[in-house]
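*Asks:* My questions all concern the structure below.
2 protein chains.
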Amino acid sequence: MPKTNLKMHAVVAPTPTVIASAYDESGRADACTLAFYMVCSHKPPCVAIAINATARRKTLASILASGAFALGFPGVDQMRGADYLGVESGYNIDKLAALGWSATPGRELNVPVIDQLPVSLECAVVHTVTIGSHTQITGEVKNIQADEEMLDERGKIDLALTRPIIYDEESFSYWSLDENVGRAFALGAELRKEIRGE
Amino acid sequence: MPKTNLKMHAVVAPTPTVIASAYDESGRADACTLAFYMVCSHKPPCVAIAINATARRKTLASILASGAFALGFPGVDQMRGADYLGVESGYNIDKLAALGWSATPGRELNVPVIDQLPVSLECAVVHTVTIGSHTQITGEVKNIQADEEMLDERGKIDLALTRPIIYDEESFSYWSLDENVGRAFALGAELRKEIRGE
C-alpha cells in the first residue's frame, strides 16, 4: 500500500485526556487539561506529562513551584468542563470555582484532587526536562483515588463506567470508547503458540 | 462522592497502542508493542515512549544503538499481530517475519517503517532518561507516513478509518473508539463565553 508523507505535526494518534492540578503559593487550586500523558514506570509507578512551556501556564508554574500535582481522568460527563480548563487561563479567573467544581487536598501529597473526576492520581515531581516547546514532568504516583462506583467487582477501574474521553487532534474532537475488542496478551500468546508450532 | 484509595499500580487510564521499531546492528528490523507513549512537543514535533529497562528488550537496545526509531499506530485489523509483538521477544525469533509483516526503510531516517501499519512516524532520538523501571526516549519526528486511504478529504488522518486500538491495563484488553462525542476547544470556548457573561 503506497504511503503518503504528511505535513509535519505533532499529534497523529488518539491520546487520553487528563487534567493536571496543583496548588499555587496562595493555596488556590490551578488546573489545566492536557492530552500529553503517559505511564513511564511500573516500579515505582510513575507518569509523565508534557505542558507547553512557551506560553504562560499557571498550572505549570504551580506544579514546578510545589513539586507535586494531581492528575485526574475526566469522563464524558465532565467533557465540557474539561475542555474549558484547556481553553481558559488560570491567570484570568479561578477556573475550578467558575465551573462549580471543587478540590480536596490529597491524602499523601498537598495536591488538589478534583472531587468531580472519577479517578485521580497524587504525584510527586521526580524529574523535569524541557525539549522543544514543552516541559516534560515525571511524577511518582503516591496515591490513587477512585469513586467506588467506578470499580468492577474485582475492585479494578472499569472503563465502561469511567467513560474516558479520547482526544483527536486531527479532527479537534473527543471520542468515547466503544467496545472491548480483544484480550491483551492472550491474543499474542495464542499467536505465539501457533507460530512456534506448539 | 466518597473516594476509595486503590492499590498502587501504574496504568489506570486508557492509553494508545503503538509499535516501536528499529534496525539492529545486522540490519534486521526489531519491533515491540507499547502502551507508554505521548506527544511531548509541538515545535519541533516530538514524541516520548517508555520501555521497560529491567528486562532484556531487543527493540530498546536497537533504538539506543541506532539513535532512531519508527513508531507505528496499529488499527483493529492489526490487533492480533500487535499483541504478539508485545509478548514475544526478538531475541527468540524474527517477529516481523514470523507475522508475515514487512518493513521499508524510512524516507528521512534509517528506521524500519512497518508496511502493514496505517500511520507511522520516523523519529530521531534526542533525549533519554531512565526513571524507575523504564527508559524514557524522546524522539523528534522527522517524517510522517500514512496510507492515503486513511486520510479524510482535507488530508487529515481519520480515526474512523485507522480504527486505533486503545489499551486498558485494568482489564488487560483493547478497546475500539466509538463515536465522536464533542468538539475540542469549541465546547470550552462556548462555556468560557457563558462564564464570562459575553
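Protein chains in written order, with the numbering used here: chain A, 547 to 744; chain B, 547 to 744. Note that the Cβ used here is the ideal one computed from N, Cα and C, for glycine as well.
Using 10 angstroms around the beta-carbon of G627 (chain A), count the other beta-carbons present and answer buried if the total reaches 16, otherwise exposed.
*Replies:* Flag for G627 (chain A) reads buried.
*Asks:* At a CB distance below 7 Å, what residues from the segment 549-563 of chain A approach chain B? Give them in sequence order.
*Replies:* Result list: K549, T550, N551, L552, M554, H555, A556, V557, V558, A559, P560, T561 and P562.
*Asks:* What number of angstroms, rounded off, separates the C-alpha of H588 (chain A) from the C-alpha of M625 (chain A)?
*Replies:* When rounded, the distance between both Cα atoms is 28 Å.
*Asks:* Using CA atoms only, rank isn't needed, just tell me which of B:G701, B:Y713 and B:R653 is closest to K688 (chain B).
*Replies:* Here the closest residue by C-alpha is B:R653.
*Asks:* According to DSSP, which residues form a beta bridge with M584 (chain A)?
*Replies:* BP columns for M584 (chain A) point to A:A594.
*Asks:* Buried or exposed, going by whether 16 or more other CB atoms sit within 10 Å of the CB of P632 (chain A)?
*Replies:* One detail in the question is off: residue 632 (chain A) reads as Gly in this sequence, not Pro. G632 (chain A) is buried by the Cβ-count criterion.
*Asks:* Should Y569 (chain A) be labelled buried (16 or more other beta-carbon atoms within 10 Å of its own) or exposed?
*Replies:* So Y569 (chain A) counts as buried.
*Asks:* Just how far apart, CA to CA, sit S572 (chain B) and G613 (chain B)?
*Replies:* Taking the straight line from one Cα to the other gives about 15 Å.
*Asks:* List, from N- to C-terminal side, the beta strand (DSSP E) runs of 3 residues or more that fit wholly inside the segment 613-691 of chain A.
*Replies:* Counting whole runs of 3 or more residues, the segment 613-691 of chain A contains the beta strand (DSSP E) stretches 614-619, 649-651, 658-660 and 665-677.
*Asks:* Is S717 (chain B) helix, strand or coil when you go by DSSP?
*Replies:* S717 (chain B): coil per DSSP, three-state reduction.
*Asks:* With three or more C-beta pairs closer than 8 Å as the rule, is the segment 579-599 of chain A touching the segment 634-645 of chain A?
*Replies:* Not touching, per the Cβ criterion.
*Asks:* Going by C-alpha to C-alpha distance, which of A:D693, A:G728, A:S717 and A:Y720 sits closest to L552 (chain B)?
*Replies:* Out of A:D693, A:G728, A:S717 and A:Y720, A:D693 has the C-alpha closest to the C-alpha of L552 (chain B).
*Asks:* Would you kindly report the start and end of the unbroken beta strand (DSSP E) that includes T550 (chain A)?
*Replies:* Start and end: K549 to N551.
*Asks:* Can you confirm whether G636 (chain B), when its beta carbon is compared against all beta carbons of chain A, has any partner nearer than 8 Å?
*Replies:* No, no contact with chain A.
*Asks:* When the Cα atoms are used, what is the spatial distance from F718 (chain B) to A556 (chain B)?
*Replies:* Cα-Cα distance, rounded: 13 Å.
*Asks:* Name the chain A residues whose beta carbon is nearer than 8 Å to that of D576 (chain B)?
*Replies:* Correct list: empty, because the minimum Cβ distance to chain A is about 16 Å.
*Asks:* Looking at C-alpha atoms only, which residue of B:A577, B:Y720, B:G678 and B:G701 is the closest neighbour of G618 (chain B)?
*Replies:* Checking every option, the nearest Cα to that of G618 (chain B) belongs to B:A577.
*Asks:* Going along chain A in order, which residues have a C-beta closer than 9 Å to the C-beta of K739 (chain B)?
*Replies:* The contacting residues do not exist; K739 (chain B) stays about 10 Å from chain A at best.
*Asks:* Determine which residues of the segment 669-684 of chain A have a Cβ less than 7 Å from any Cβ of chain B, and write them out in chain order.
*Replies:* Within the segment 669-684 of chain A, the residues whose Cβ lies closer than 7 Å to some Cβ of chain B are V672, H673, V675, I677, G678, S679, H680, Q682 and T684, listed in chain order.
*Asks:* Among A:T550, A:A559, A:K549 and A:M554, which has the Cα closest to the Cα of L705 (chain B)?
*Replies:* Comparing Cα-Cα distances from L705 (chain B) to each of A:T550, A:A559, A:K549 and A:M554, the minimum goes to A:A559.
*Asks:* Can you tell me which of A:G701, A:F615, A:Q682 and A:E695 puts its alpha carbon nearest to the alpha carbon of M584 (chain A)?
*Replies:* For M584 (chain A), the nearest C-alpha among the options comes from A:Q682.
*Asks:* With respect to the alpha helix (DSSP H) encompassing I764 (chain B), which residues constitute its N-terminal and C-terminal limits?
*Replies:* The structure shown has nothing for residue 764 (chain B), since chain B only spans 547 to 744.
*Asks:* Using a Cβ-Cβ distance cut-off of 8 Å, determine whether F619 (chain B) contacts chain A.
*Replies:* Judged by the 8 Å Cβ criterion, F619 (chain B) is in contact with chain A.
*Asks:* So what does DSSP say about E571 (chain A), is it helix, strand or coil?
*Replies:* If DSSP states are grouped into helix, strand and coil, E571 (chain A) belongs with coil.
*Asks:* Can you pull the chain B neighbours of G632 (chain A), defined as C-beta to C-beta under 8 Å?
*Replies:* Under the 8 Å cutoff, chain B gives A730, F731 and G734.
*Asks:* List the whole-angstrom C-beta distance separating A730 (chain A) from Y720 (chain B), where the pair is believed to meet the contact cut-off of C-beta under 8 Å.
*Replies:* Correct: roughly 6 Å between the Cβ atoms.
*Asks:* Under 8 Å between the Cβ atoms of A616 (chain A) and V659 (chain A)?
*Replies:* The answer is yes: Cβ separation under 8 Å.
*Asks:* What is the DSSP secondary structure of E725 (chain A), counted as helix, strand or coil?
*Replies:* If DSSP states are grouped into helix, strand and coil, E725 (chain A) belongs with the strands.
*Asks:* I want to see whether chain B comes within less than 8 Å of A594 (chain A), judged by CB atoms only; does it?
*Replies:* Cβ-Cβ to chain B under 8 Å: yes for A594 (chain A).
*Asks:* Taking DSSP as the reference, what is the three-state secondary structure of A599 (chain B)?
*Replies:* It is coil, neither helix nor strand.
*Asks:* Smallest Cα separation from S722 (chain B): which of B:I712, B:G728 and B:E716?
*Replies:* Comparing Cα positions, the closest option is B:I712.
*Asks:* In terms of residue numbering, what span does the alpha helix (DSSP H) encompassing L705 (chain B) cover?
*Replies:* Segment L705 to T708, the alpha helix (DSSP H) holding L705 (chain B).
*Asks:* Compare the beta carbon distance of I690 (chain A) and M554 (chain B) with 8 Å and say whether it is the shorter of the two.
*Replies:* A contact, by the Cβ cut-off of 8 Å.
*Asks:* Let me see if you follow: with CB-CB separation under 8 Å, is K702 (chain A) close to chain B or not?
*Replies:* Chain B, which has a Cβ nearer than 8 Å to the Cβ of K702 (chain A), makes this yes.
*Asks:* Judging by CA-CA distance, which residue of A:L737, A:V727 and A:E736 is the nearest neighbour of V622 (chain B)?
*Replies:* Selected option, being the one with the closest Cα: A:V727.
*Asks:* What's the C-alpha gap between P724 (chain B) and E725 (chain A)?
*Replies:* According to the sequence as given, residue 724 (chain B) is Asp; it is not Pro. Near 8 Å, if we compare the C-alpha coordinates of E725 (chain A) and D724 (chain B).
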